[in-house]
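Chains as they are written, first to last, in the numbering used here: chain B, 1 to 439; chain V, 440 to 947.
This report concerns only the one structure given below.
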Amino acid sequence: MTKDEKYSIAKWAMEHAIQNGAQQARVIIYNNNSSQIEVRNEKIDKLQESNQSGMRINLYVDNKYSSISTNRISNKEELAKFIEEAIAGTRYLAEDEFRTLPDPDRYYKGNGPDLKTVDSKFKTVDPQQKVKDAFMLEKEVLGSDDRIISVSTSYSDGMSGSVMVASNGFEGDSENSYYSLSASVSVTDGTARPRGGWYESSIFSDKLIRKDIGKKALKRALERLGQAKIGSGKMPMIVENKMVGQPLRPLISALNGGSIQQKQSFLIGMKGEKIGSDLMTIVDDPFIVSGRGSRLFDSEGMATEKRSVVENGVLKTYYIDTYYAKKLEMEATSGSTTNLVFKPGEKDLEGLLADIDRGILVTGFNGGNSNGATGDFSFGIEGFLVEKGKLIQPVAEMNITGNFKQLWKDLVAVGSDVDNTRSWQLPSLVFDNVDFSGI
Amino acid sequence: MTLDRRSFIKTGGAAVAGTMVLPPLLKSCQNIQISPDVKSYLDHFEVTPEMLQKVIAEAMSKGGDYADLFFEHTISNSLGLEDGKVNSSNSNVDYGVGIRVLKGDQTGFAYTESTSLQDMLKVAKTAANIANDPVTFNQGELIEKTIPNYYKVTQKWENSTIEEKIPFVQKVNDRLYELDEKVTKARVFQRDETSYVMFYSSEGLLTFDYRPMATLGVVCVMEKDGVIENDYSARSVRMGFEFMNDDLVEELAQEAVKKTNFLFGAGKPKAGELPVVLGAGGSGILLHEAMGHPFEADFNRKGESIFSDKMGKSIAKDFINIVEDGTMEYNRGAINVDDEGNDVKKVYLVKDGVLESYLHDRISAKYYGVDPTGNGRRQSFRHVPLPRMRITYMENGPHTTEEIISSVDYGVYVDNFTNGQVKIGAGDFTFFVKSGMLIENGKLTTPIKDINIIGNGPQALADITMAAGDYQTATGTWTCGKGGQSVPVGMGLPSVLVKKLTVGGTSA
């Protein structure tokens with residue numbers, strides 16, 4: 001489907017909704033193409049191709065709201081009935097005065113910068129090269145260590161495109177691509193069979209890192225041999241950059257308008273207040289060129305803005321969409337994050353570890369959850385015991401337990417090692433006084 | 440308004456508009472003998488036996504050993520209540536066919552969201568590429584399989600209107616506020632799903648299934664002395680509209696209020712290794728994570744599971760019997776036939792303490808030279824089948840619940856969970872306890888909440904030293920994720936004692 005074809009169906013559906021009783025409507029048409037090649041034992045284990053398209057419609061009928069979606073979009077007659085029936089059904093719902101499309105003033109009006117989120121060469125990547133890439137990762141490790149019991153590597157890529165139109169004057173489209181290579185290695189010393197993994201990904205094929213992925217996965221697996229729990233106690237916790245999303249995600253959820261309005265947030269009424277240590281500074285920046293979360297408008301069509309989320313520990317903004325803004329009588333910001341950039345510190349991970357007398361470096365989380373209303377959390381972890389800056393032994397089968405309100409105040413050091421291959425660009429962090437349970 | 444009935448089935452707006460779905464139009468099939476039931480499914484997907492055979496022939500054209508087609512049409516509808524009003528609804532239609540080709544244990548897979556012959560041939564050609572030596576494929580005869588029905592529906596969701604559903608959703612909310620004045624917010628959700636699936640393989644096997652799913656749940660927020668707590672209760676089963684009734688509404692409201700109330704004043708246990716008593720029912724999450732996943736044969740075939748070399752060996756006390764079953768009537772994890780056309784069996788994973796069977800899909804059953812166990816499941820036509828759990832439970836043991844609790848000096852009793860996870864190779868599994876009780880000197884004393892428990896699968900299994908005779912099947916809405924695919928599952932357990940697990944908590 002070309003972009004023009006998508007716009008044509010979207011506008012037709014929107015007009016059909018308006019002609020049949022909806023006062024407002026928003027339509028999204030999307031398609032995704034992806035491929036995946038998994039390699040095992042020097043053979044292709046799995047070859048998968050996926051082509052998907054569909055439509056989502058938000059209907060606003062007499063102050064009542066519903067949404068519908070379907071992947072059967074080639075037959076207009078069928079779609080027309082789907083829309084008509086949905087409008088008829090929507091009338092049975094209760095009125096909700098807060099349901100409307102966004103204020104048109106807030107819409108993205110076009111002419112934004114090129115954020116370079118798509119690889120123009122996506123369709124010309126040679127399928128044979130994809131297969132070669134996956135085999136190359138496997139070659140890096142296969143036979144390199146007697147303790148290896150299983151190696152799986154994979155190549156995947158994908159491209160997605162969507163257009164959105166809204167009846168009060170929005171039109172916009174976006175396109176994204178990705179390429180990814182990953183390796184997973186299982187090893188054994190006769191008892192447990194720990195697994196280690198590594199991956200790299202990029203928007204552009206020619207920027208994808210292809211080297212050492214297998215080696216890194218193997219290293220991470222071997223490091224886990226002999227892992228054991230240690231005694232319970234309060235210790236500093238160093239969280240590796242790739243894992244910092246785990247403690248940050250519940251905090252961002254607590255900033256969501258829905259969580260606040262439904263009293264399921266531990267950060268109600270905290271805007272302008274201190275929620276973390278001075279070292280905590282986070283910016284939401286939608287305009288990073290080739291950032292994985294970069295976009296010119298959000299899922300409602302509102303123009304994105306660069307925002308300070310937390311500045312020196314003080315909460316600066318909530319994530320509020322049009323609906324909850326009206327319910328809360330607050331100004332809409334946006335319902336979701338774009339690129340979240342954590343302001344880095346001076347030292348890399350090694351430098352952070354050097355300052356640790358005795359603590360635990362967390363390199364992986366295993367289950368656990370948190371209580372959105374109170375901020376209580378408890379997560380399983382694995383990683384390493386650190387003494388005097390050195391990794392002493394691999395640890396696992398342990399939990400950390402506490403409350404996010406306290407944890408972020410106990411942030412005592414921030415690394416320089418921001419991982420910018422993801423939309424949340426986070427460095428390694430050090431928290432003091434974390435409750436670890438082990439033996 | 441008159442509606443073309445076939446397109447109407449597919450749009451599924453019925454749930455919103457609420458009109459009857461009539462039996463599909465029948466197409467004539469001259470050459471191949473098929474039953475009216477099969478005909479109705481073929482017509483539903485607008486295909487003929489001849490088309491299926493053409494597509495399979497294309498899929499096998501490069502020398503694959505085996506190929507299958509998985510047709511699916513799913514219609515789902517949901518209603519949401521927030522701030523006292525049923526004020527949002529969603530309807531979704533998903534339609535397509537997945538085509539898989541196997542060469543040894545290698546897989547080629549692609550899908551299309553259209554069932555036209557041209558589109559199916561195109562993706563069959565893509566999937567066929569896993570093999571690379573063209574041969575002539577001899578099409579077998581079409582074999583229809585009669586399957587049992589573990590979820591007989593009285594009133595199909597497609598025949599139920601939004602008008603009929605709304606009052607039940609509203610009543611859950613209203614009862615909640617009536618039951619306790621501390622209730623400050625409630626979100627109620629109702630969801631129904633109807634899946635038509637049809638399967639056809641290069642061996643000629645044709646199966647079909649009608650899979651309903653019904654869910655009703657509520658998130659309850661309560662405020663007491665400036666402290667806010669929330670919990671939820673939900674039920675999800677394979678039933679039609681008859682699922683919705685006043686008893687269910689009452690049960691959910693009572694349970695949500697009770698569970699949320701329990702959290703006020705709940706504390707945390709001492710951090711570290713403690714005896715853990717798992718209450719009957721939802722504690723089946725222990726089996727699901729610690730044993731169920733590591734017993735899935737794909738991990739074992741690749742040598743990646745901590746249980747990979749344990750077949751035939753004693754791995755638990757001799758009173759322990761662990762079952763994996765897809766035949767429990769109306770259970771969320773039940774299936775009439777698996778997604779590879781295999782019979783759904785009740786399988787003993789552990790019998791009298793000895794590991795007896797893994798959970799197999801077609802590839803692993805062939806690898807191990809055993810019969811399929813009916814565990815080949817997929818999230819949708821967009822996904823390949825994998826060995827997956829259905830309903831995993833432990834049979835009753837020889838002890839009593841009182842004996843178990845009174846045997847513990849200091850430990851925890853847990854019976855309310857939200858989620859779990861496992862690392863297959865290391866064997867470390869976890870589950871998150873929303874609420875439970877401290878056990879001190881053999882007695883349940885004070886409430887605890889929001890703690891993670893972590894253990895090692897083989898060790899935990901060996902450490903189950905007591906099991907009671909109070910077996911319960913878990914209620915609730917368990918969904919299992921693996922390899923990027925989600926499938927509904929069930930679980931169950933009698934009360935058991937695990938000698939020690941690492942419990943999240945506070946240090947002295």
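Glycine included, every Cβ here is placed at the ideal spot set by N, Cα and C.
Considering only beta carbons, the part of the stretch 126-157 of chain B lying closer than 8 Å to chain V consists of 149, 150, 152, in chain order. Counting only unbroken stretches of 4 or more residues, the alpha helix (DSSP H) elements lying wholly within the stretch 214-260 of chain B are 245-253, in sequence order.
Boundaries of the beta strand (DSSP E) around residue 401(B): 390-403. Within the same chain, and ignoring the five residues on either side of residue 366(B) in sequence, the residues whose Cβ sits closer than 7 Å to its Cβ are 380, 381, 382.
Residue 869(V) has a beta carbon lying within less than 9 Å of a beta carbon in chain B. In the DSSP assignment, residue 28(B) falls within the beta strand (DSSP E) that extends over 24-40. Contact between residue 737(V) and residue 651(V) is absent: CB atoms are separated by about 28 Å, not below the 8 Å threshold. Contact check for residue 871(V) against residue 889(V) passes: the beta carbons are separated by less than 9 Å. Residue 809(V) is classed as exposed because its beta carbon has fewer than 16 other beta carbons within 10 Å across all chains shown.
Close to chain B, meaning a Cβ-Cβ distance shorter than 8 Å, are the following residues of the stretch 604-625 of chain V: 605, 623, 624. Residue 558(V) carries a helical assignment under DSSP once its states are collapsed to helix, strand and coil. Closer than 9 Å to the CB of residue 373(B) there is at least one CB belonging to chain V. A contact is defined here as three or more CB-CB pairs under 8 Å, and the stretch 92-104 of chain B meets this definition with respect to the stretch 60-71 of chain B. In this structure, the beta-carbon distance from residue 636(V) to residue 648(V) falls below 9 Å. Residues of the stretch 740-757 of chain V with a C-beta less than 8 Å from any C-beta of chain B: 741, 742, 743, 744, 745, 747, listed in chain order. Taking 9 Å as the cut-off, the beta carbon of residue 213(B) is found no closer than this to the beta carbon of residue 398(B). Taking 9 Å as the cut-off, the Cβ atoms of residue 776(V) and residue 751(V) do not count as close.
CA-to-CA, the gap between residue 188(B) and residue 795(V) works out to about 23 Å. Among the CB atoms of chain V, none fall inside 9 Å of the CB of residue 220(B). In this structure, residue 375(B) sits near residue 403(B), with a CB-CB distance shorter than 9 Å. Beta-bridge partners assigned by DSSP to residue 59(B): 25(B), 66(B). Around the Cβ of residue 497(V), a 10 Å sphere holds 16 or more other Cβ atoms; the residue is buried. In this structure, the beta-carbon distance from residue 817(V) to residue 811(V) does not fall below 9 Å. For residue 606(V), the uninterrupted alpha helix (DSSP H) run begins and ends at 601-618, by DSSP. In this structure, the CA atom of residue 354(B) is about 7 Å from the CA atom of residue 390(B). When the five nearest sequence neighbours on each side are left out, no beta carbon in the same chain lies closer than 7 Å to the beta carbon of residue 923(V). In the DSSP annotation of this structure, the continuous segment of the alpha helix (DSSP H) that includes residue 88(B) starts and ends at 76-90. Distance from the Cα of residue 773(V) is smallest, within the candidate group 926(V), 641(V), 598(V), for 926(V). Interface flag for residue 332(B) against chain V is unset, since no Cβ pair is found closer than 9 Å. Nearest to residue 662(V) by C-alpha distance, out of 621(V), 515(V), 550(V), 697(V), is 621(V). Around residue 51(B), the same chain offers 33 as residues with beta carbons nearer than 6 Å, after the five sequence neighbours per side are excluded.
The three-state reading of DSSP puts residue 638(V) in strand, counting E and B together. For residue 734(V), there are no neighbours in chain B by C-beta distance under 8 Å, as the nearest C-beta there is about 14 Å away. At a Cβ-Cβ threshold of 9 Å, residue 401(B) and residue 891(V) count as neighbours. With a cutoff of 9 Å on beta-carbon distance, residue 294(B) and residue 204(B) are scored as not near each other.
Chain B places a beta carbon closer than 9 Å to that of residue 549(V), counting this residue as a contact.
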